[in-house]
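For the sequence shown, the working numbering begins at 19 and goes up steadily by one. Here a beta-carbon is modelled for each residue, glycine too, at the ideal position from N, C-alpha and C. Okay, so here's the structure we're looking at.
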Amino acid sequence: MANLKETASQIRRDIVRMVHGVQSGHPGGSLGCTEFFTALYFDVMKHNPDFKMDGIGEDVFFLSNGHISPVFYSSLARSGYFPVAELSTFRKINSRLQGHPTTHEHLPGIRVASGSLGQGMSVAIGAALAKKLNKDNSTVYSLHGDGELDEGQNWEAIMFAGAKAVDNLISTVDWNGQQIDGPTKKVMDLQNLHAKFEAFGWIVTEMEGNDMDAVVAGLNKAKSLLGNGKPVVILMKTVMGKGVDFMEGSHEWHGIAPNDDQLKAALAQLPETLGDY
C-alpha cells in the first residue's frame, strides 16, 4: 500500500508538469482519479505492458472521459507500456500522447480513441461480450465522468448491459459533482444514480475514490460480484483537483493549466517518489 501511495504522488507530479509544459490539458479530473488508476494498473488489473491490441487472456480498460488523458498516460508509462521520458511530449506536434487518446498513434495501452463523451460504455460492453464469446474469463473495466452521463447514449448502453447480463464488466463513475460548466447539480442534476443503475439491472457499489485503501478494497469487492448475471458499477466519490489545495473541488480546473508559480506551489505538495521525467 505504501508503494501505491508513492506511485500516486509521482503520477500527480507528472499530471501537473505535463499540463503546465504545454499550457493545455485537463488537470482536475486527472488528479481526482489518480488513486483509481494507480490501484488498477499497479495492483488490481491483470494486464501485460507487452501490449497486444486484442487483449486475449488479460483484463482490459477503456477510458471514456478521454480528456483526463494525463493520468492515463502517466499510469501507462509508469507501469511499463512506453518510456516515462515520452511524457514530456504530451500534446506536442507529432506526439503519440495527444490531448485525447487515439489509436492511430499506436501508443501501447490505448485500445480506443476517446474524448467524444458518452461512447465508452458502448465500447466496454462490446469488448465484454467479445470476451464471453471467446470464452475468455478476463474482466473489462471502464471509467466515466459523472457529467458525461448527461449523454443519452450511456443510458441506452447501460440498459443493454443489464438486459443482456454482461456480468464480466466493471464500470466506474468518477462522481466528483463537477463538469466543465459548473456543478452537476446545476448543469444537469443526476438525481439518484444508485437507484438509476439498479433500475437498469446493475449491481451498484460505492467507494471513496481518493483513499487508496478504499479504492483497492472497492475494486476487489467489485471483482467478487462478477459472474452473477449483472454488470457492476462503482460510484466513486472523488474531489476534482485532489492533491493540490488550490485546485480541489473547483470545476474551474477542469481544463486549464497552472502557470509557473502555480506549478511550483503544486509540486511542493506532491513528493517526488519515482523520479521526474
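Exercise. Pull up the CB-CB distance for residue 234 and residue 72, whole angstroms please, since I reckon it's below 8 Å.
Key: What you label residue 234 is simply residue 216 of the sequence shown in a count that begins at 1. What you label residue 72 is simply residue 54 of the sequence shown in a count that begins at 1. Contact between residue 234 and residue 72 is absent: CB atoms are separated by about 28 Å, not below the 8 Å threshold.
Practice problem: Note down the Cα distance separating residue 83 from residue 52, rounded to an integer number of angstroms. | Solution: As a position in the sequence shown, residue 83 is number 65, starting the count at 1. As a position in the sequence shown, residue 52 is number 34, starting the count at 1. Residue 83 and residue 52: Cα-Cα distance of roughly 14 Å.
Exercise. Determine the direct distance from the alpha carbon of residue 115 to that of residue 129, and round the result to whole angstroms.
Key: Your numbering for residue 129 matches position 111 in the sequence shown. Your numbering for residue 115 matches position 97 in the sequence shown. Roughly 14 Å separates the two Cα atoms.
Exercise. Count the CB pairs spanning the segment 261 to 271 and the segment 33 to 52 that are closer than 8 Å, and state whether there are at least three.
Key: Short answer: they touch.
Quiz item: residue 114 CB to nearest chain B CB: under 8 Å?
Solution: Absent from the structure: chain B. Only one protein chain is present.
Quiz item: For the candidate residues 239, 39, 212 and 255, whose alpha-carbon lies nearest to that of residue 105?
Solution: The sequence position of residue 105 within the sequence shown is 87, counting from 1. It is 39 whose Cα lies nearest to the Cα of residue 105.
Practice problem: Please classify residue 271: does DSSP put it in a helix, a strand, or coil? | Solution: Indexing the sequence shown from 1 puts residue 271 at position 253. Residue state for residue 271 is assigned as helix, using DSSP reduced to three classes.
Exercise. Could you pull out every unbroken beta strand (DSSP E) segment of at least 3 residues lying fully inside the segment 206 to 279, listed in chain order?
Key: For the segment 206 to 279, whole beta strand (DSSP E) runs of length 3 or above, ordered along the chain, are 221 to 226 and 250 to 255.
Quiz item: When you compare each of 288, 181 and 294 to residue 23 by their alpha carbons, which one comes out closest?
Solution: By 1-based counting over the sequence shown, the position of residue 23 is 5. Residue 23 has its Cα closest to that of 288, out of 288, 181 and 294.
Quiz item: Does the separation of the CB atoms of residue 93 and residue 56 fall below 8 Å?
Solution: By one-based count along the sequence shown, residue 93 stands at place 75. By one-based count along the sequence shown, residue 56 stands at place 38. Yes. Within cutoff.
Exercise. Count the CB pairs spanning the segment 62 to 69 and the segment 93 to 102 that are closer than 8 Å, and state whether there are at least three.
Key: Short answer: they touch.
Quiz item: Does DSSP put residue 190 in a helix, in a strand, or in coil?
Solution: Stepping through the sequence shown from its first residue, residue 190 is reached at position 172. Strand.
Practice problem: Tell whether a beta-carbon distance below 8 Å holds between residue 85 and residue 245. | Solution: Position 67 of the sequence shown, counted from the start, is the residue given in the question as residue 85. Position 227 of the sequence shown, counted from the start, is the residue given in the question as residue 245. Cβ distance not < 8 Å, so residue 85 and residue 245 don't count as in contact.
Practice problem: Would you kindly report the start and end of the unbroken beta strand (DSSP E) that includes residue 295? | Solution: Translated into the one-based positions of the sequence shown, residue 295 becomes position 277. Looking at the DSSP string, residue 295 is not in any beta strand (DSSP E), and its letter there is neither H nor E.
Exercise. Using beta-carbon positions only, say whether residue 239 and residue 223 come within less than 8 Å of one another.
Key: For the purposes of this step, residue 239 is taken as residue 221 along the sequence shown, with counting starting at 1. For the purposes of this step, residue 223 is taken as residue 205 along the sequence shown, with counting starting at 1. Taking 8 Å as the Cβ cut-off, residue 239 and residue 223 qualify as a contacting pair.
Quiz item: Taking residue 78 as the reference, which of 131, 142 and 122 has the closest Cα?
Solution: Locating residue 78 in the sequence shown gives position 60, counting from the first residue. When only C-alpha atoms are compared, the closest one is 142.
Exercise. Could you tell me which of 208, 132 and 174 sits nearest to residue 80, measuring between CA atoms?
Key: The sequence position of residue 80 within the sequence shown is 62, counting from 1. Nearest of 208, 132 and 174 to residue 80, Cα basis: 132.
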